[in-house]
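S.K.: With the working numbering as the guide, the letters of the sequence shown map in order to residues -17 to 125.
Glycine is no exception: its CB is placed at the ideal position from the N, C-alpha and C atoms.
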Amino acid sequence: MSERNRNQKRRDKKGRILRNGESQRADGRYAFVYTDCFGKQKFLYSWKLESIDPLPAGRRPCQSLREKEKAILRDINDGITPYGDNLTVLELVKKYIGQKTGVRHNTRANYNFVINIIKKEKFGTLRIDKVKLSDAKAWLIKL
């Protein structure tokens, strides 16, 4: 590879420098590739790179790619799963109980009892981002 190609930075069609993970597709849409907290590759898309960019004709208003990118990376750094990411109630309970340290034997047994109840219930298979407070209250009343 020549010296000129190695020092050349990736740019979009307007000549702006693209950051790591950013690219521009053939249809003009911008894409950002990132790895979520489970090690899975995810993609973000937007018609605008910066918030001041004009929207192409006939496209719905949307956030710019860099705004979306900033929010996602902040969530990942904070250990938050963006968009719920198919995390179920059971997985969330297991994650919560796994973080408990210095718990007595009887308390641990009761935690396992709760996990077994949640495994048997349909409520345990629901995605956490789809669960409403009223659903959780109804499930507790049903117990």
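1) Is Y78 buried or exposed, if buried means 16 or more other CB atoms sit within 10 Å of its CB?
2) Alpha carbon to alpha carbon, how far is L125 from R(-8)?
3) Between T107 and L74, is the Cβ-Cβ spacing less than 8 angstroms?
4) Starting from E49, follow the alpha helix (DSSP H) in both directions and report where the run begins and ends.
5) If you draw a straight line from the C-alpha of K30 to the C-alpha of Q45, how long is it?
6) Give me, in chain order, the residues of the same chain whose beta-carbon lies closer than 7 angstroms to that of I100; leave out the 5 immediate sequence neighbours on both sides.
7) Let me know the secondary structure DSSP gives I79 once reduced to three states.
8) To the nearest angstrom, report how far apart A7 and D(-6) are at their CA atoms.
9) Does the count of Cβ pairs from the region 21 to 37 and the region -3 to 13 closer than 8 angstroms reach three?
10) Figure out for me which residue from D18, G21, F25 has the closest Cα to the Cα of Y12.
11) List the residues that DSSP assigns as beta-bridge partners of E4.
12) Looking only at DSSP bridge pairs, what is L26 linked to?
13) What are the partner residues of R(-7), as DSSP defines its beta bridges?
M.R.: Let me spell this out:
1) As a working mapping, residue 78 is identified with position 96 in the sequence shown. It counts as exposed.
2) By 1-based counting over the sequence shown, the position of residue 125 is 143. By 1-based counting over the sequence shown, the position of residue -8 is 10. Each residue's Cα considered, the two are about 58 angstroms apart.
3) By one-based count along the sequence shown, residue 107 stands at place 125. By one-based count along the sequence shown, residue 74 stands at place 92. It is not a contact, given that the beta carbons lie outside the stated cut-off.
4) The residue labelled residue 49 in the question sits at position 67 within the sequence shown. That run of the alpha helix (DSSP H) goes 47 to 59.
5) Taking the sequence shown and counting its residues from 1, the one referred to as residue 30 is at position 48. Taking the sequence shown and counting its residues from 1, the one referred to as residue 45 is at position 63. Taking the straight line joining both Cα atoms gives about 7 angstroms.
6) The residue labelled residue 100 in the question sits at position 118 within the sequence shown. Contacts found: V71, L72, V75, G106.
7) Taking the sequence shown and counting its residues from 1, the one referred to as residue 79 is at position 97. Three-state DSSP puts I79 in a helix.
8) As a first step, residue 7 is located in the sequence shown; it is residue number 25 there, counting from the start. As a first step, residue -6 is located in the sequence shown; it is residue number 12 there, counting from the start. Strictly speaking, residue 7 in this sequence is Arg, with Ala absent from that position. About 9 angstroms.
9) yes
10) Stepping through the sequence shown from its first residue, residue 12 is reached at position 30. Here the closest residue by C-alpha is F25.
11) Your numbering for residue 4 matches position 22 in the sequence shown. F14.
12) The count along the sequence shown starts at 1 and reaches residue 26 at position 44. Beta-bridge pairing links L26 to F14.
13) As a working mapping, residue -7 is identified with position 11 in the sequence shown. Paired residue(s): I(-1).
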